[in-house]
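In our numbering, the protein residues as written are 6 to 180.
What follows is the structure, encoded as structure tokens:
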């Protein structure tokens, strides 16, 4: 029999429990359908709409992950976003976080994949923090709050992301 790590799926706990949640949800929906068929059908329809809204962002991330795995080797990731990459990793993560689009949860698999390939915790934290800075929303924010407020807020968010990234690096080294 093959040994497996904590994330492996051959005969491990994860493989056995993979379908536990969806099966439980289906059983609950079945039981609820017997009690309130109209409301259950409405809930299933709502669930289907949410599921369909996830298809495009998740497909995009899967394509990006495929291309990254095809074109970029772990040594490249480690060189660009690893512990020794320094300021260029922070700047790259900062810019990528600002220009990234779509729901944040769609980015989690890609970030996990980058981490497994050698990306450090700091640049990932910087990326996640800078997802809140959106250039296309700046004119709207300026309209509501004024340019001085938006300029200071954006500067502090970027500075905060860098400090958070540094803090994550320090914490990661200590563990």
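The beta-carbon is built from N, C-alpha and C at its ideal position, and this holds for glycine as well.
By the 16-neighbour rule on beta-carbons within 10 angstroms, residue 129 is buried. For the pair residue 123 and residue 172, the CB atoms are not nearer than the 8 Å cut-off. For residue 142, there is no enclosing alpha helix (DSSP H), since its DSSP letter is neither H nor E. Residue range 152-179 is occupied by the alpha helix (DSSP H) that includes residue 170. By a beta-carbon distance limit of 8 Å, residue 131 contacts residue 102. Their separation comes to about 6 Å.
With contacts defined by Cβ atoms closer than 8 Å, residue 109 and residue 136 form a contacting pair. Judged by DSSP in its simplified three-state form, residue 23 adopts coil rather than helix or strand.
Taking C-beta separations shorter than 8 Å and ignoring five residues to either side along the sequence, the partners of residue 134 in its chain run 102, 162, 165, 166, 169 and 170, following chain order.
Distance between residue 52 and residue 67, taken at the CA atoms: about 22 Å.
In the three-state DSSP reduction, residue 56 falls in the helix class (H, G or I).
The closest CA to that of residue 114, considering only 42, 62 and 39, is found on 62.
In its own chain, leaving out the 5 sequence neighbours on each side, no residue places its CB closer than 6 Å to the CB of residue 178.
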